[in-house]
Amino acid sequence: MIASVPLLLTMGMLCQSRLEVTPPVAVNWLTGPKFRQEIEQPFSGNWSNIAFRPLLQGIAADRQIAIILDRRVDPSVELPLDAANVSLKTGLISLAKQAGCDATVPGNLVFLGPKSATTRLRTLIELRRQELQASEFSIPRKRRTELLQPRRFSSNDLDSPREILNRFAEQGGLRVANPDVIPHDLWAAMVLPEVSVVEGLSIVLIQFDMTFRWTNEGNGVELVSIPDEIFIERKHSTRRKVADALAAIRERWPRMQAEISGNQLVVRGLIEDHDAVAVLLRGDGTSSPIKIEPPQPLRKQLFTLKAVRTPLSGLMKTLEESAVSFEFDADELDAAGIRLDQTIDVDVKKVSAEEFFHSVFDPAGLNFQIDHLTVKLTPKNRKSK
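Numbering of the sequence shown is given in the numbering used here, commencing with residue 1 and proceeding in unit increments.
This is the structure:
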């Protein structure tokens with residue numbers, strides 16, 4: 001099996017003006033279990049002097065996961081990052097924090113935005129879903145199914161959020177009562193793979209601190225401000241004594257609303273609160289272990305890299321952090337006049353290890369041999385002893 005190397009899209013001193021991004025519509029975006037598996041896979045990278053949005057676009061295209069950047073986050077901020085063998089999800093959260101924001105995963109995409117948005121988005125989506133079942137709104141079953149039907153959605157550069165919102169509404173057969181409350185803006189192109197109308201509207205509206213209210217038996221919506229307090233009520237089961245479980249929750253989160261109901265706990269909070277409670281009640285205080293596959297032999301990996309004027313030694317160091325090792329005789333390289341601090345340019349996409357290392361080491365005057373995860377280097381003009 002050939003695997004795409006969990007390496008890096010860009011490395012070293014990559015010039016922003018030369019960063020090439022695959023058009024969103026040309027990417028085979030992952031969804032469902034494949035998406036959830038991908039964001040837990042290893043991720044390594046070393047960047048400097050690259051603007052935030054092009055960096056995210058490169059990651060999205062290479063890993064085939066949709067990433068949405070909130071309009072309130074500066075897309076031009078240049079971020080230094082040195083990540084080695086963390087999960088892709090953790091790497092994106094680290095990137096977000098570097099940019100002064102946060103990240104969340106609502107369905108089949110990663111959303112990066114202000115903490116006030118990322119902590120509420122999943123809860124708002126769930127609340128609107130629950131309302132589809134509520135007798136208060138009298139939404140027929142067939143209509144509920146239509147509104148929850150996943151669809152692929154894309155927009156173009158310079159589309160306005162009002163246009164995007166109206167297209168979401170049209171796809172779901174909805175009439176928006178007050179679209180004019182959305183201020184004029186121009187957004188970058190985006191793709192939302194496999195999103196329902198509920199998710200799509202919520203992702204647009206959260207960027208204006210807004211949500212929506214169902215009208216006309218699910219055939220219309222009215223745009224409204226997000227209430228000061230939002231929560232979901234759920235029942236949680238526990239193997240321990242329910243009183244002990246409640247005490248543990250109150251010790252960990254004194255402000256959380258929780259009470260005993262029979263042999264269960266009733267908790268009111270955000271989706272993230274319920275996730276945290278579920279982890280605590282499992283009894284070990286930790287999340288389920290993430291299975292990260294051991295690195296495959298280099299000859300079974302594919303490599304993607306665009307580097308400009310990058311020191312060879314720095315590139316090798318980053319590769320070493322991704323489980324690659326190098327063997328060479330420093331004295332022999334020095335005698336051959338080969339310096340590992342020389343800079344190189346590399347531009348390859350999903351190529352074999354053989355092609356990748358030729359592109360890296362041929363310009364430096366080095367031969368290489370690949371042995372599992374080890375690369376042995378010798379000068380091309382090697383002198384016989």
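Even glycine gets a Cβ: it sits at the ideal position worked out from N, Cα and C.
Only a predicted model underlies this, so the values are computations on that prediction, with no experimental measurement involved.
In its own chain, which residues sit with a C-beta less than 8 Å from the C-beta of ARG299, not counting the 5 before and 5 after it? Taken in chain order, the residues that qualify are SER352, ALA353, GLU354, ILE370.
Helix, strand or coil at SER160 according to DSSP, with G and I counted as helix: In the structure shown, SER160 adopts coil according to DSSP, grouped into three states.
So is PRO54 buried or exposed if we call it buried at 16+ other beta carbons inside 10 Å? Burial is judged here by how many other beta carbons sit within 10 angstroms of a residue's own beta carbon; PRO54 has at least 16 and is buried.
Quick check on LYS306 - is its C-beta less than 8 Å from some C-beta in chain D? As a matter of chain content, chain D is missing from the structure shown, which is built from one protein chain.
When the Cα of PRO42 is compared with those of VAL77, GLY91, ILE67, ILE230, which residue comes out closest? Out of VAL77, GLY91, ILE67, ILE230, GLY91 has the C-alpha closest to the C-alpha of PRO42.
If we ignore side chains and look at the alpha-carbon of each, how far apart do THR31 and LEU340 end up? Taken atom to atom, the span from the alpha-carbon of THR31 to that of LEU340 is near 42 Å.
Rounded to whole angstroms, what's the CA-CA distance from GLY285 to ARG309? Just pull it up for me. Its pLDDT being 46, under 50, GLY285 is placed unreliably by the model, and nothing is read from it.
Evaluate contact between the stretch 190-202 and the stretch 62-70, counting only Cβ atoms and requiring at least three cross-stretch pairs below 8 Å. They touch, by the three-pair rule.
Using DSSP bridges, identify the partner residues of THR310. In the DSSP output, where bridge partners are listed per residue, THR310 has ILE344.
Nearest candidate by alpha-carbon position, reference PRO363, set ARG152, LEU319, LEU121, ASN381: The residue from ARG152, LEU319, LEU121, ASN381 with its alpha-carbon nearest to that of PRO363 is ASN381.
Delimiting residues of the beta strand (DSSP E) encompassing SER202: Where SER202 is concerned, there is no enclosing beta strand (DSSP E), although the alpha helix (DSSP H) it sits in stretches over 197-205.
What are the boundary residues of the beta strand (DSSP E) that includes SER155? It spans 151-155 - the beta strand (DSSP E) in which SER155 sits, taken as one unbroken run.
Give the straight-line distance between the Cα atoms of GLU272 and SER116, rounded to the nearest whole angstrom. Within the model, the alpha-carbon separation for GLU272 versus SER116 is close to 13 Å.
Is the stretch 74-81 in contact with the stretch 118-126, if contact means three or more CB pairs nearer than 8 Å? At 8 Å Cβ cutoff, the stretches do not touch.
Please work out which residues of its chain come closer than 7 Å, Cβ to Cβ, to LEU186, disregarding the five sequence neighbours upstream and downstream, and give them in chain order. LEU158, SER160, listed in sequence order.
DSSP beta-bridge partners for ARG144? For ARG144, which the question treats as bridged, DSSP gives no partner whatsoever.
CB-CB under 6 Å to THR378, same chain, minus the five flanking residues each way: which ones, in chain order? Here the set comprises ASN367.
Could you compute how far the alpha carbon of LEU312 sits from the alpha carbon of SER359? Approximately 12 Å between the Cα atoms of the pair.
How about VAL191 and TRP29: are their beta carbons less than 8 Å apart? At the C-beta level, VAL191 and TRP29 come within 8 Å of one another.
Tell me where the beta strand (DSSP E) around ASP180 begins and ends. No beta strand (DSSP E) contains ASP180, which DSSP labels as neither H nor E.
Report back the beta-carbon spacing between VAL279 and LEU265 to the nearest angstrom; my notes put them in contact at under 8 Å. Contact between VAL279 and LEU265 does not hold, since the beta-carbon distance rounds to 14 Å and is not under 8 Å.
Range covered by the alpha helix (DSSP H) that runs through LEU56: Under the DSSP assignment, LEU56 falls in the alpha helix (DSSP H) whose first and last residues are 52-63.
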